[in-house]
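Report on the structure given below.
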Amino acid sequence: MTRARTLLEAPEIGRVLTRIAHELLERNKGAEGLVLLGIPTRGVALAHRLAATIADVEGTQVPVGAIDVTMYRDDLRHHPVRTLERTDIPTAGVDGATVVLVDDVLFSGRTVRAALDALSDLGRPRAVRLAVLVDRGHRELPIRADHVGKNLPTSLAERVRVLLAEHDGRDEVLIEDAGDQR
Amino acid sequence: MRHLLSAADLDRDAALRVLDTAEQMAATQQREIKKLPTLRGRTVVNLFFEDSTRTRISFEAAAKRLSADVINFSAKGSSVSKGESLKDTALTLEAMGADAVVVRHGASGGAHRLATSGWINGSVVNAGDGTHEHPTQALLDAFTMRHHLVGQREPGAATGEDLAGRKVTIVGDVLHSRVARSNVLLLHTLGAEVTLVAPPTLLPVGVQTWPCATSYDLDSALEGADAVMMLRVQVERMNAAYFPSAREYSRRYGLDARRLRLMAEHTIVMHPGPMNRGLEISADAADSARSTIVEQVSNGVSVRMAVLYLLLAGSDDVDGGTA
Numbered sequence: 245m246t247r248a249r250t251l252l253e254a255p256e257i258g259r260v261l262t263r264i265a266h267e268l269l270e271r272n273k274g275a276e277g278l279v280l281l282g283i284p285t286r287g288v289a290l291a292h293r294l295a296a297t298i299a300d301v302e303g304t305q306v307p308v309g310a311i312d313v314t315m316y317r318d319d320l321r322h323h324p325v326r327t328l329e330r331t332d333i334p335t336a337g338v339d340g341a342t343v344v345l346v347d348d349v350l351f352s353g354r355t356v357r358a359a360l361d362a363l364s365d366l367g368r369p370r371a372v373r374l375a376v377l378v379d380r381g382h383r384e385l386p387i388r389a390d391h392v393g394k395n396l397p398t399s400l401a402e403r404v405r406v407l408l409a410e411h412d413g414r415d416e417v418l419i420e421d422a423g424d425q426r
Numbered sequence: 002m003r004h005l006l007s008a009a010d011l012d013r014d015a016a017l018r019v020l021d022t023a024e025q026m027a028a029t030q031q032r033e034i035k036k037l038p039t040l041r042g043r044t045v046v047n048l049f050f051e052d053s054t055r056t057r058i059s060f061e062a063a064a065k066r067l068s069a070d071v072i073n074f075s076a077k078g079s080s081v082s083k084g085e086s087l088k089d090t091a092l093t094l095e096a097m098g099a100d101a102v103v104v105r106h107g108a109s110g111g112a113h114r115l116a117t118s119g120w121i122n123g124s125v126v127n128a129g130d131g132t133h134e135h136p137t138q139a140l141l142d143a144f145t146m147r148h149h150l151v152g153q154r155e156p157g158a159a160t161g162e163d164l165a166g167r168k169v170t171i172v173g174d175v176l177h178s179r180v181a182r183s184n185v186l187l188l189h190t191l192g193a194e195v196t197l198v199a200p201p202t203l204l205p206v207g208v209q210t211w212p213c214a215t216s217y218d219l220d221s222a223l224e225g226a227d228a229v230m231m232l233r234v235q236v237e238r239m240n241a242a243y244f245p246s247a248r249e250y251s252r253r254y255g256l257d258a259r260r261l262r263l264m265a266e267h268t269i270v271m272h273p274g275p276m277n278r279g280l281e282i283s284a285d286a287a288d289s290a291r292s293t294i295v296e297q298v299s300n301g302v303s304v305r306m307a308v309l310y311l312l313l314a315g316s317d318d319v320d321g322g323t324a
């Protein structure tokens, strides 16, 4: 049986995203040249929220898009065929921009590796940064996030679930004991 | 999905999955770098016993854009012309490690035989078997119709939608057409209403059991049509006189400037190619703004990328859903 614990509730998720938005602006010295690309599905919603916060703070609307990494994954042969998600690159493109990849959970790092490959086929950004809501550890590749909402020490038997209002009707981060799920 | 042999293998969900995947593939084909690493290390064999340009290069382009290795095998100039059987050819391909075999064969049922005889372990894609079926052509036609009629030409806008209630008129040599049969089956699955228009001699026996209407009068069938698909008159398959003269055929069943004016504003004109200009379609119709004939070719690459992705990208041992 799965046992779920709440790790972050809606107000904390809101505060964390506000902090990350400020960090992005601080690091980039403003909103100039920023492009936010969410990794489907929940990374896209997070990217839009970060952009909304940046618009509130700076008064600038930074371009937001989505980058589907399915066709760049290294584990395609180990799963049933995955459904492709939409890739949506802002019309100005990514050349010369500071691209911030946004995802909900950072785990093995393989999704981010795939996203970096996908990104290099789309253009040549000036810099790429990574922002995640939750870093749960257990990296399998030399990849780290530049902006982390919350570090969560987890065991491999546990499963982190991020619920967002856009997809799930409410904001919550849960941790479950799930022997059968990764 | 293990093989793609017939448009009838696809239920509504499976057909929409191919079309939706093709939407994403089409988006990648607008980029500067069109190649994706998805099928790296996989081998696709194009096994063509019949002449073809567009289908073969379309499959070749699709496989290459997904980084698969492609081996082209045409019967002409191969051991087949020395009398090698389909079985021995298949065993040879199997020994070379083909993950997918795209086969075009002059005999109806050729692809089915290849897929079900246990000669090869890879996936088989039917790229046309005799006068039977050509499922990827039907998929690319449905993709083109959905883009224009449902998505209003907005890329990706029709994702998840079928063709419910759209009226499609298919005109010409239905008897020899694998394109017509696959289209009727797939369009019916997707909810479209199909009318076949042809002289009685060019309608196959048993057409009344197909899920479509038939008519002998083109002018009346153009009324209310959302898409009009002209079929090639397949002179090479005709061993008897099916109509008195080319001129009479053209007058009664050809799409010309006058018939173009009978159509509604939004109606698209389709042709699977290669065209006999002046016979089933006039230059006016083929080159008009409502013609999607060139677009069908580029959609063919996207749709075939989707088919190869769905057949080959998943694991070998886990079946990723039904065909």
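These protein sequence lines map, in sequence, to chains A and B. According to my numbering, the first sequence is numbered sequentially starting from 245. According to my numbering, the second sequence is numbered sequentially starting from 2. Glycine included, every Cβ here is placed at the ideal spot set by N, Cα and C. Just so we're clear, the structure is a prediction, and the values are computed from it rather than from any experiment.
- Chain A has a Cβ within less than 8 Å of the Cβ of A314/B.
- Interface annotation for the stretch 272-306 of chain B against chain A: empty, criterion Cβ-Cβ distance under 8 Å.
- Distance from G192/B to L164/B at the Cβ level is roughly 5 Å; contact confirmed, criterion being Cβ atoms closer than 8 Å.
- Within the same chain, Cβ atoms closer than 7 Å to the Cβ of T268/B are found at A226, D227, A228, V229, R291, the five residues on either side in sequence being excluded.
- Around the Cβ of Q209/B, a 10 Å sphere holds fewer than 16 other Cβ atoms; the residue is exposed.
- With a cut-off of 8 Å on Cβ pairs, the stretch 28-48 of chain B is in contact with the stretch 66-85 of chain B, counting three or more such pairs.
- Counting only unbroken stretches of 4 or more residues, the alpha helix (DSSP H) elements lying wholly within the stretch 317-372 of chain A are 354-366, in sequence order.
- Under the 10 Å beta carbon count, M97/B is surrounded by fewer than 16 other beta carbons and is classified as exposed.
- Beta-bridge annotation (DSSP): H382/A is not paired with any residue.
- Residues of chain A whose Cβ lies closer than 9 Å to the Cβ of Q153/B do not exist, since the nearest Cβ in that chain is about 18 Å away.
- Taking a C-beta distance under 8 Å as the contact criterion, P284/A and R330/A qualify as a contact pair.
- When the five nearest sequence neighbours on each side are left out, the beta carbons in the same chain lying within less than 6 Å of the beta carbon of G152/B are those of A158, A159, in order along the chain.
- L407/A has E416/A as its beta-bridge partners, per DSSP.
- It is roughly 12 Å from the alpha-carbon of R278/B to the alpha-carbon of A247/B.
- Non-local beta-carbon contacts of T398/A in its own chain, meaning distances under 8 Å to residues more than five positions away in sequence, involve R380, G381, H382, V404, I419 in chain order.
- If you draw a straight line from the Cα of E162/B to the Cα of G107/B, it is about 34 Å long.
- In chain order, S316 make up the part of chain B whose C-beta sits under 7 Å from the C-beta of H322/A.
- For R32/B, at least one C-beta of chain A is nearer than 8 Å to its own C-beta.
- Assignment of E162/B by DSSP, reduced to helix, strand and coil, places it in the coil class.
- Inclusion of G303/A and A291/A in the CB contact set at 8 Å is not warranted, their separation being larger than that value.
- In the three-state DSSP reduction, G84/B falls in the coil class, being neither helix nor strand.
- In terms of Cβ geometry, G393/A and L280/A do not form a close pair [threshold 8 Å].
- Under the three-state reduction of DSSP, M276/B is assigned to coil, being neither helix nor strand.
- Counting of Cβ neighbours within 10 angstroms places V172/B among the buried residues, the total reaching 16 or more.
- Looking at the DSSP output, L278/A bridges to T342/A.
- The secondary-structure analysis by DSSP pairs L256/B across a beta bridge with I282/B.
- Per the Cβ contact rule, the stretch 51-61 of chain B is in contact with the stretch 293-311 of chain B (3 or more Cβ pairs under 8 Å).
- The alpha-carbon separation between E416/A and A336/A amounts to approximately 34 Å.
- Per DSSP, reduced to three states, the secondary structure at G123/B is coil, with no helix or strand assignment.
- Where F60/B is concerned, the enclosing alpha helix (DSSP H) starts and stops at 55-66.
- Classified as buried, G129/B has 16 or more neighbouring CB atoms from the shown chains inside 10 Å of its CB.
- Taking the Cα of R271/A as reference, the smallest distance to any Cα among G413/A, L407/A, V372/A, D361/A is reached at V372/A.
- Taking the C-beta atoms as reference points, V349/A is found no nearer than 8 Å to L294/A.
- Per the coordinates, the alpha-carbon of V102/B lies some 26 Å from the alpha-carbon of I34/B.
- The beta carbon of D300/A sits closer than 7 Å to no other beta carbon from its chain once the five residues preceding and following it are set aside.
- Below the 8 Å Cβ cutoff, chain B contributes no neighbours of R357/A, its closest Cβ being approximately 12 Å away.
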